[in-house]
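Protein chains in written order, with the working numbering: chain A, 27 to 298; chain B, 27 to 298.
Below is one structure, written out as structure tokens, with a few remarks after it.
Shown next as structure tokens:
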């Protein structure tokens with residue numbers, strides 16, 4: 027089921043600025059246990075992202091009602107809900123007087139089949155050659171300009187490697203193509219800063235919150251490839267996959283360590 | 027009139043990767059004097075851009091026929107033709123096996139009203155705060171990830187300033203929000219390199235070709251704001267506006283100089 031501005035419809039105008047310029051933002055939400063997980067956090071980020079891009083989005087109540095409707099329509103136990111908000115339709119040209127009604131699209135999708143052993147044994151990652159641009163104004167925002175991720179994710183098609191690591195133009199590790207990354211060093215948790223490149227993931231914020239509340243030290247900092255290679259534990263996370271321990275990056279092996287296992291368990295309790 | 031994959035239609039699926047990720051490219055072509063100007067150059071760049079993004083676009087003959095059809099349908103003397111090619115429809119997720127049919131969209135739009143004095147007296151520009159990211163893989167390509175241009179162009183709404191200048195993250199002048207930029211120093215023409223940021227415009231290539239053939243020295247190089255402020259002449263160009271001499275950038279004034287006037291005249295002869 028797809029709702030566009032409240033109507034069952036799965037097509038948008040070619041004049042929509044989302045298509046023309048990637049002029050919009052999106053959220054990807056897991057539907058599990060009868061609810062859209064961390065919905066408030068996703069909506070808060072969505073509204074905040076609209077503000078940051080000066081998208082004049084006022085239909086927050088309508089959007090909430092439409093997400094409810096989509097959830098009620100779901101037959102499956104698990105699904106993925108995607109919300110996209112664009113600056114709406116416009117003529118040609120980058121300028122917008124923001125008078126157009128933003129386009130809101132809510133769609134449900136099948137939940138991906140994730141092998142169970144990914145969470146118990148960990149996943150194998152690779153390094154991507156495609157870099158992430160540095161742009162302080164756009165960093166952190168889950169906007170629709172995602173060509174870098176597309177190019178990075180299409181560097182490989184080995185189904186045994188479910189994720190790749192992206193670095194910024196200066197060589198610092200930033201995130202996965204679809205996930206955020208954390209490392210453990212001497213029982214402390216670190217994750218890359220995402221104020222110059224990368225996305226501030228909702229699951230990333232959840233992990234930071236859970237760790238902090240559990241007395242695990244968490245810090246955002248620059249993470250080099252060397253620090254990554256020397257880490258005691260590594261994991262990636264996003265709203266759909268939850269947490270995936272990392273068992274290998276290229277030829278370097280990592281254990282599924284204690285802190286990762288603790289966070290996995292704490293997260294699964296949060297989600298209930 | 028709009029044609030999507032050959033059919034009169036102005037709506038695309040929300041699953042189109044052009045909307046989801048800005049995963050596509052576009053061309054903006056002036057229709058004047060009964061023809062789509064520099065059509066071959068635009069098509070060459072479009073096909074080349076698809077190759078660079080590994081979009082498996084094979085419908086080149088169909089696209090040519092559809093552009094002809096759009097041109098024949100035009101009642102106006104002047105118009106703008108936009109061609110967009112995306113990687114086609116896909117599920118959720120950045121990965122694509124490139125098996126989907128790319129989406130080709132050809133649309134006609136009204137030609138913008140451009141005051142005549144822009145070409146005779148020049149235009150006033152401003153500097154944008156929004157920077158252009160540095161990304162060697164994407165630089166040069168006219169792809170659909172255009173949020174930086176959107177944010178830059180929306181920094182002002184003074185109708186007497188038709189264009190703004192964008193710099194890269196290192197402070198070098200790269201281009202206008204919708205145009206390329208040239209400067210004249212001691213009768214020689216210079217334009218910023220666009221291999222790390224910016225778009226390699228079709229009109230930019232035309233200007234370089236016309237100048238070179240006319241014995242005017244042209245060089246691509248880094249252009250600092252200081253070099254811009256000390257230039258003898260400045261102009262911007264794109265396929266729709268042609269060449270606009272620059273009369274002022276913020277408070278700095280420039281003459282509409284001899285080389286700019288020569289190129290304006292030479293270009294208008296090319297277009298006939």
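Heads up, the beta-carbon is just placed ideally off N, CA and C, and yes, glycines get one too.
These numbers were taken from a predicted model, which means no experiment stands behind them.
Give me, in chain order, the residues of the same chain whose beta-carbon lies closer than 8 Å to that of residue i; leave out the 5 immediate sequence neighbours on both sides.
i	result
residue 65 of chain B	55, 93
residue 182 of chain A	152, 190
residue 250 of chain A	197, 198, 199
residue 211 of chain A	253, 256, 257, 258
residue 96 of chain B	27, 29, 107, 132, 133, 134
residue 170 of chain B	44, 48, 49, 50, 51, 52, 110, 112
residue 36 of chain A	28, 30, 133
Assign residue i to one of two classes, buried (16 or more other C-beta atoms within 10 Å of its C-beta) or exposed (fewer than that).
i	result
residue 99 of chain A	exposed
residue 204 of chain B	buried
residue 127 of chain B	exposed
residue 86 of chain A	exposed
residue 62 of chain A	buried
residue 194 of chain B	buried
residue 155 of chain A	exposed
residue 9 of chain A	Residue 9 of chain A cannot be examined here, being either before or after the span of chain A that is shown, 27 to 298.
residue 185 of chain B	exposed
residue 188 of chain A	buried
residue 59 of chain A	exposed
residue 172 of chain B	buried
residue 161 of chain A	buried
residue 101 of chain B	exposed
residue 146 of chain A	exposed
residue 130 of chain A	buried
residue 90 of chain B	exposed
residue 80 of chain A	exposed
residue 217 of chain B	buried
residue 122 of chain A	buried
Give me, in chain order, the residues of the same chain whose beta-carbon lies closer than 7 Å to that of residue i; leave out the 5 immediate sequence neighbours on both sides.
i	result
residue 272 of chain A	148, 149, 151, 260, 261, 262, 280
residue 215 of chain A	208, 237, 242, 243, 244, 285
residue 88 of chain A	32
residue 277 of chain A	none
residue 228 of chain A	64, 67, 68, 71, 265
Would you list the one or two residues that DSSP bridges to residue i?
i	result
residue 270 of chain A	A:262
residue 107 of chain A	A:55, A:134
residue 192 of chain A	A:201
residue 303 of chain A	This structure cannot settle anything about residue 303 of chain A, because the visible part of chain A is limited to 27 through 298.
residue 153 of chain B	B:191
residue 129 of chain B	B:112
residue 245 of chain A	A:216
residue 207 of chain A	A:262
residue 34 of chain A	A:29
residue 60 of chain A	DSSP output for residue 60 of chain A lists no bridge partner at all.
residue 158 of chain A	A:194
residue 50 of chain A	A:112
Check whether chain A comes within 8 Å of residue i, counting only Cβ atoms and requiring the distance to be less than that.
i	result
residue 58 of chain B	no
residue 261 of chain B	no
residue 299 of chain B	Residue 299 of chain B lies beyond the stretch modelled for chain B, which goes from 27 to 298, so this question has no answer here.
residue 161 of chain B	yes
residue 229 of chain B	no
residue 180 of chain B	yes
residue 150 of chain B	no
residue 175 of chain B	yes
residue 164 of chain B	yes
residue 68 of chain B	no
residue 169 of chain B	yes
Just checking: is the beta-carbon of residue i within a distance shorter than 8 Å of some beta-carbon in chain B?
i	result
residue 121 of chain A	yes
residue 45 of chain A	yes
residue 133 of chain A	yes
residue 352 of chain A	Residue 352 of chain A lies beyond the range of chain A shown here (27 to 298); nothing can be said about it.
residue 28 of chain A	yes
residue 38 of chain A	yes
residue 48 of chain A	yes
residue 102 of chain A	no
residue 172 of chain A	yes
residue 130 of chain A	no
residue 118 of chain A	yes
residue 80 of chain A	yes
Going along the chain, which residues of its own chain have a beta-carbon closer than 6 Å to the beta-carbon of residue i, five neighbours each way excluded?
i	result
residue 43 of chain A	49, 112, 113, 116
residue 29 of chain B	92, 132
residue 39 of chain A	115
residue 219 of chain B	246
residue 83 of chain B	76, 111, 128
residue 179 of chain A	203
Any heavy atom of the ligand GTP closer than 7 Å to the Cβ of residue i?
i	result
residue 178 of chain A	Because no ligand of any kind appears in the structure shown, any question about the ligand GTP cannot be addressed here.
Anything in the stretch 195-208 of chain B with a Cβ closer than 9 Å to a Cβ of chain E? List those residues in chain order, please. Any reference to chain E falls outside this structure, whose protein chains are A and B.
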